[in-house]
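Structure record follows, encoded as structure tokens.
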Amino acid sequence: MPDAALTISDLIQQRLDDLTRAERQLAHSILENYPASGLGPLTALAKDANVSVPTVARMVQKLGFKGYPEFQAELREELKAKVKNPIAKHDTWTGGAPSGHILNRFTDAVIDNIRHTLGQIEPATFDDACAMIAETDRHLYIVGGRLTHTLAEYLFLHMQVIRSQITHIQSTSNAWPHYLLDVKEGDVFVIFDVRRYENNTLKLAEMAHAKGARIILFTDQWRSPVHQLAQISFSSRIVVPSAWDSVATTLLLVETMISSVQNLNWSDTKSRMEELEEMFDQTKLFRKFT
1 MPDAALTISD LIQQRLDDLT RAERQLAHSI LENYPASGLG PLTALAKDAN VSVPTVARMV
61 QKLGFKGYPE FQAELREELK AKVKNPIAKH DTWTGGAPSG HILNRFTDAV IDNIRHTLGQ
121 IEPATFDDAC AMIAETDRHL YIVGGRLTHT LAEYLFLHMQ VIRSQITHIQ STSNAWPHYL
181 LDVKEGDVFV IFDVRRYENN TLKLAEMAHA KGARIILFTD QWRSPVHQLA QISFSSRIVV
241 PSAWDSVATT LLLVETMISS VQNLNWSDTK SRMEELEEMF DQTKLFRKFT
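Here you go:
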């Protein structure tokens, strides 16, 4: 049985280079509609991927499963976890809560989330995302949902200082279609969407993608359906001993991205910072100790 901390999606992405051509074709087919793609009969999965039944059996074993039934059982467990609401999640962890203070248990879970998340991210891919966000000749749109709007706003406030041509969209607002009027091909959308994925966010992503926008997605280990439209997706581990999921790992990625983009555009960013500080002085927004 594979490492329980890894999703099947993680396992597939780890092993892509070791798969045959037909197995890679199957892998991509599974990921296109993950995890639902693997919940049907083995023959149906093989047919959808246009590969043979033995190819499915071989790849499942390469991922560390004894056979297709075990593979499917793991997918079903992932699907259950994907749709849990806060009450169900609370009931799950309290039943077998380990001894020790919540500070230690929560911190251990966050550190574990960070370790597994960073293990799945290619530095070159992260650099590509930062370079896209740093393109000041392209408009940057940042989108958050019911809870993730806080992460979106945090990124937006920093990017406002770093660069121009930037818009913050809240997909929970009825006015979000208005923002799409000015979207041009090549513009960049940074979208946050975690489990209990929001229909508005997916529809917004579909419409932006249809206009030629490029999408960078911050999601969880089960991946928002927006990932099928995204050029780059970052899947963060979010499970902690709480009724709510943790944003600590996603925030780490966001803050690292802010630092990287700041350095890429440092000349312009420095000028904007200096101008902003002059405005702060004029408005006396912050208290100064002299």
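Numbering-wise (full-length UniProt numbering), the sequence shown opens with residue 1 and increments by one. We put the beta carbon where it would ideally sit given N, CA and C, even for glycine.
query: Starting from residue 29 and walking both ways along the alpha helix (DSSP H), at which residues does that stretch end?
result: 21–32
- prompt: On the three-pair Cβ rule with 8 Å, is the stretch 121–139 touching the stretch 256–275?
  reply: The stretch 121–139 vs the stretch 256–275: in contact.
message: Considering only DSSP beta bridges, list what residue 220 is partnered with.
response: Answer by DSSP bridge pairing, in chain order: 236.
message: For chain C, check one thing: does any of its Cβ atoms lie closer than 9 Å to the Cβ of residue 231?
response: No chain C appears in this structure, which consists of one protein chain only.
- prompt: Taking just the CA atoms, how far does residue 138 sit from residue 176?
  reply: 19 Å
message: Within a Cβ cutoff of 8 Å, which residues of the same chain sit near residue 62, ignoring the five residues on either side of it in sequence?
response: 15, 18, 19, 23
message: Quick test of your reading: residue 236 and residue 256, contact by CB under 8 Å. State the CB separation rounded to the nearest angstrom.
response: For residue 236 against residue 256, the beta-carbon gap comes to about 12 Å, at or over 8 Å, which does not count as contact.
field: Continuous alpha helix (DSSP H) assignments of at least 4 residues falling wholly in the stretch 127–195
entry: Runs found: 149–162, 176–179.
field: Span separating the alpha-carbon of residue 239 from that of residue 283
entry: 43 Å
- request: Would you kindly report the start and end of the unbroken alpha helix (DSSP H) that includes residue 53?
  value: 53–62
field: Span separating the alpha-carbon of residue 74 from that of residue 161
entry: 45 Å
query: Below 8 Å, can you find three or more Cβ-Cβ pairs linking the stretch 197–216 to the stretch 142–160?
result: They touch, by the three-pair rule.
- prompt: Does the beta-carbon distance from residue 215 to residue 188 come in below 9 Å?
  reply: yes
message: Among 184, 185, 205, whose alpha-carbon lies nearest the alpha-carbon of residue 170?
response: 205
query: Any idea what DSSP makes of residue 76, helix, strand or coil?
result: helix
- request: Rank 178, 163, 35 by C-alpha distance to the C-alpha of residue 77 and give the top, closest one.
  value: 35
- prompt: For residue 121, which three-state DSSP category applies?
  reply: If DSSP states are grouped into helix, strand and coil, residue 121 belongs with coil.
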